[in-house]
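Residue numbers (my numbering), protein chains in the order written: chain A, 485 to 812; chain B, 485 to 812.
No residue lacks a Cβ here, since even glycine has one placed at the ideal position from N, Cα and C.
Comments concern the structure below.
Protein chains: 2
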Amino acid sequence: MNSKIRIAIAGYGNLGRGVESALDRAPDMELVGVFTRRDPGKLIIQSTGVPVYPLDRVAEFVDAVDVLILCGGSKADLPEQGPQLAALFNTVDSFDTHAKVPEYFAAVDAAAQSGQRVAVISVGWDPGLFSINRLYGEAILPEGATYTFWGKGLSQGHSDAVRRVPGVAGAVQYTIPSPEAIEKVRSGTRPVLETREKHVRECHVVLEAGADANAVREAIVTMPDYFADYDTTVNFITAQELARDHGAMPHGGFVIRSGTTGTDSAQIMEFGLKLGSNPEFTASVLVAYARAAYRLRQQGAVGAMSVLDIAPGLLSPKSAAELRKELL
Amino acid sequence: MNSKIRIAIAGYGNLGRGVESALDRAPDMELVGVFTRRDPGKLIIQSTGVPVYPLDRVAEFVDAVDVLILCGGSKADLPEQGPQLAALFNTVDSFDTHAKVPEYFAAVDAAAQSGQRVAVISVGWDPGLFSINRLYGEAILPEGATYTFWGKGLSQGHSDAVRRVPGVAGAVQYTIPSPEAIEKVRSGTRPVLETREKHVRECHVVLEAGADANAVREAIVTMPDYFADYDTTVNFITAQELARDHGAMPHGGFVIRSGTTGTDSAQIMEFGLKLGSNPEFTASVLVAYARAAYRLRQQGAVGAMSVLDIAPGLLSPKSAAELRKELL
C-alpha cells in the first residue's frame, strides 16, 4: 500500500532534525525531501536516501509533497516563508511570537486560501499544547484564573545576554518555575503573580582568564529587562563542565487553571511538560499536526488554522472507531 | 439580543444540579427547562422561574430547546434515553461505561442521523478530558507508555460494598493514587503497573453498636474483586465524623505519557485534576460541550461524536480570532 503521507522539511536546524527523527516513529508518513538555504551538497542529514534540495526550487515539488513542515525561526524566516509556502503547500509551522499571531495568521490565511491549501500555524507546546490547555481551563471553569509557568528550561535569549557581559567566556541560563509560586497556585488560593514572581533565573558562567567574578555577577543580576526584576543565581563553572553538563536542551512548564464551581467547590486543572529535548518535542508535535493538516485538506478544508481549531482525533493514525474503543 | 443557546436538563440529580449551576456562569446560554421522571410538582430546583416538566412530555419541546443535556446514569438511564432523545434533540451525555462505548455510540449515532441532530457522548473527565490527554500523549510521543491514575476520590461502588458488610452502619471509600507509583512514572522509568499497584484504598467506617471491629476490617480487606488485591486501610469513625468530614464528592487523577524522542530524550506529558466536587466538574465539562454541539449543528454536522472529534475552540464563547489573540 503506497499511501503514506509525503512530508518534506523546509529548514534543517535542531527543529528540522527533530522532525526527521519523529517521522521515523510515524508508520503512516514518509520523508520525501529536505529543503535548505545552505548548499544542499554540503548538508549531511541523518536519513539515508532522502534527497536534499535548495529551498528556492521548492515550487517544483508541489505535486510530490503532501505537507511541508516549516522548521525556520519565527523572527526572520517564518514571516516571509510562511505566507509564501502556504500558497503552494499544505504547511505546519511553529511560529511563536505571541504578539504577532493575528498579523501572521492573516498573511498565511490569505496565501493558503489563494492556493487552496491548509496551513496550521503556531504548533508546538507554547504556543500549542499550552494554548489548548489555557482554552480548556477557561471554557470549562469560567470562574477562575489561569497560570502559565515555564521551565526548567534553557533560554536562548537570556543565555546570549549573559555571554555579552565583559569577562564571560561562555554561559547558559535556565528559567525555573518558583516552587513557592507553584505551591500557592496548586493550593487554589489564586494569588496575583507577575511573571518575575513565578520564575527564578539560574546562570552557569565560564569566566575569561583574569575576569573578576564579583563584577560579572553584579553585571548579570542588575541587567535591566533580563535579570534585574528576577531572583537570579550565578554559578561559575569550568569550560569542561559547561560542555559536559549543559549541552542538552531541556524545557517544560505548567498551565494551571484554578476555578470554582457551584457555591464554593475548588477545582484545579493542570497540564505539565518535562522535556528532555525542547526541539525534539516541538518537532513531534509538528509531525502529529502535519497528519491533521493532510486529513483536513482531504476533507475539503482550506485556509490557516491553529491547534485550537483542530479536533484531537485528527492527530492520531488510528480511526475514530479505534480511538473510541481504545482511548475514550 | 435574544440569541442565547437554549439548554434543557434531563434528569435532576447531583449532575443535573451541577449543570444548572454551571449554566449560571455561561453568558451565552440559558436554562429553559428541567425534565424529570419524578413528580414535577414536587421537584425543588435551584433556579427561580425555570419550568419543570415530566420527562415523558419532552417531545413537545423539540423546537424550544437547542441542546438537551442528559444527566441520567450510565447503567440504567442512558442506554435507553441516549438513543431516544438523540433522535429528537442535540444532546450531550456523560456515558462512562468504557467497555460499552462502541455499542452505545452506534445506537446514538443511528438515532441522531435519523433525526438530523448532533449527539456528543461520553463527556466529562474520564471518559472525556483524560481520553483527550491519552490521545495527545500517544499521537505526539508514539514511543512510550500511558498511565492513568484515579483519585483521591470517593468511589460509590466500593463505598456501597463496604456498607453491605455485617456490622457496618455507614462508610465511605476513597481510591488514592499510590505516591510511589506516581513517582516511578514521573521519573520516566516506564514501569509495568497493574491498576492495583497504582492505587490504594482507604475506608472510613462507622460500626453498628456491638460490632467487632477486627471482624469488620478483615471482611473488608479480604473482599474479592473490591479489596483483596489492593493495599487497603480501614479507619473507624463516628457517625458525626462521617457526616461532618465525608459529605463532599472530591475526585481527580492524572494521565501521564512517558515517551522517548530522538535517540534517547526522555519526554513527560502530564495532565491532572484535583476536584472539590466531581459532579460539578463533570457538569461544567458537559456545559462547554453543549456549546460545541450547538455550533457543530449550526455548521451542518449530524450524528454521534465524542470529545475526541471536537476542536478545542468550539468549547469557548470567544471567537476563533479572539482565542488566537488571547490564548494562543
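Residue closest to residue i, alpha-carbon to alpha-carbon, out of the options
i: serine 662/B; options: Arg680/B, Gly654/B, Ala548/B; result: Arg680/B
i: valine 549/B; options: Met513/B, Ser531/B, Phe579/B; result: Met513/B
i: alanine 827/B; options: Pro586/B, Ala767/B, Thr532/B, Asp793/B; result: Look at the range of chain B in this structure, 485 to 812, and you will see that residue 827/B is not part of it.
i: phenylalanine 633/B; options: Arg741/B, Lys809/B, Phe589/B, Ala570/B; result: Arg741/B
i: serine 558/A; options: Gly533/A, Val534/A, Glu587/A; result: Glu587/A
i: leucine 798/A; options: Tyr620/B, Gly599/B, Pro567/B, Val518/B; result: Tyr620/B
i: proline 626/A; options: Ala595/B, Phe765/B, Ala777/B; result: Phe765/B
i: phenylalanine 738/A; options: Lys682/A, Leu770/A, His642/A, Tyr778/A; result: Lys682/A
i: serine 505/A; options: Gln530/A, Pro524/A, Thr716/A, Asp523/A; result: Gln530/A
i: aspartate 729/A; options: Val652/A, Leu677/A, His688/A; result: His688/A
i: glycine 635/B; options: Glu686/B, Gly556/B, Arg501/B, Ala590/B; result: Glu686/B
i: alanine 772/A; options: Gly533/A, Thr722/A, Val576/A, Val546/A; result: Val576/A
i: alanine 596/B; options: Asp508/B, Pro567/B, Val585/B; result: Pro567/B
Local conformation of residue i per DSSP, three classes
i: glutamine 724/A; result: helix
i: tyrosine 710/B; result: coil
i: threonine 745/B; result: strand
i: leucine 812/A; result: coil
i: proline 796/A; result: helix
i: alanine 571/B; result: coil
i: threonine 532/B; result: coil
i: leucine 625/B; result: coil
i: histidine 730/B; result: coil
i: arginine 522/A; result: coil
i: glycine 637/A; result: strand
i: methionine 485/B; result: With a pLDDT of only 47 at methionine 485/B, under the threshold of 50, the placement of this residue in the model should not be trusted, and no figure is reported.
i: proline 511/B; result: coil
i: serine 505/B; result: helix
i: leucine 807/B; result: helix
i: glutamine 751/B; result: strand
i: arginine 490/B; result: strand
Residue i versus residue j - alpha carbon distance
i: leucine 539/B; j: valine 602/B; result: 20 Å
i: proline 763/A; j: methionine 753/B; result: 15 Å
i: tyrosine 537/B; j: phenylalanine 573/B; result: 16 Å
i: alanine 623/B; j: glycine 654/A; result: 38 Å
i: threonine 747/B; j: alanine 774/A; result: 22 Å
i: isoleucine 660/A; j: proline 734/A; result: 11 Å
i: leucine 569/A; j: isoleucine 489/A; result: 18 Å
i: valine 551/B; j: alanine 543/B; result: 13 Å
i: tyrosine 714/B; j: glycine 787/A; result: 53 Å
i: alanine 712/A; j: asparagine 698/A; result: 16 Å
i: valine 690/B; j: arginine 647/B; result: 9 Å
i: proline 708/A; j: arginine 618/A; result: 30 Å
i: glycine 497/B; j: lysine 526/B; result: 14 Å
i: arginine 521/A; j: proline 535/A; result: 14 Å
i: glycine 628/A; j: threonine 745/A; result: 9 Å
i: glutamate 810/A; j: threonine 630/B; result: 12 Å
i: valine 518/A; j: glycine 599/A; result: 22 Å
i: isoleucine 491/A; j: valine 592/A; result: 19 Å
i: glycine 612/B; j: leucine 770/B; result: 10 Å
i: leucine 499/A; j: alanine 805/B; result: 27 Å
i: valine 604/A; j: alanine 732/A; result: 28 Å
i: methionine 789/B; j: alanine 795/A; result: 11 Å
i: isoleucine 641/B; j: glutamine 724/B; result: The sequence shown places glycine at residue 641/B, not isoleucine. Approximately 22 Å between the Cα atoms of the pair.
i: phenylalanine 545/B; j: alanine 571/B; result: 13 Å
Sequence-distant residues of the same chain with beta carbon closer than 7 Å to residue i, five excluded per side
i: alanine 703/B; result: Val649
i: arginine 701/A; result: Val718
i: glycine 672/A; result: Ser742, Ala750, Ile752
i: serine 615/A; result: Val791, Leu792
i: leucine 812/B; result: none
Cβ-based neighbour list, residue i, same chain, cut-off 6 Å, excluding 5 preceding and 5 following
i: alanine 785/A; result: Val602
i: methionine 485/B; result: With a pLDDT of 47 at methionine 485/B, under the threshold of 50, the modelled position of this residue cannot be trusted, and the question is left open.
i: leucine 780/A; result: Val602
i: serine 639/A; result: Gln657, Thr659
i: glycine 756/B; result: Phe738
i: alanine 645/A; result: Tyr710
i: serine 487/B; result: none
i: glycine 556/B; result: Gly495, Leu562, Gln565
i: alanine 777/A; result: Val551, Asn574, Val576, Val602, Val604
Own chain residues within Cβ distance below 8 Å of residue i, not counting five before or after
i: proline 675/A; result: Ala665, Lys668, Val669
i: proline 801/A; result: Ala510, Pro511, Asp512, Arg775
i: leucine 807/B; result: Gly797, Ser800
i: glycine 760/B; result: Ala732, Pro734
* Is the number of C-beta pairs between the region 576-583 of chain B and the region 606-617 of chain B that are closer than 8 Å three or more? -> yes
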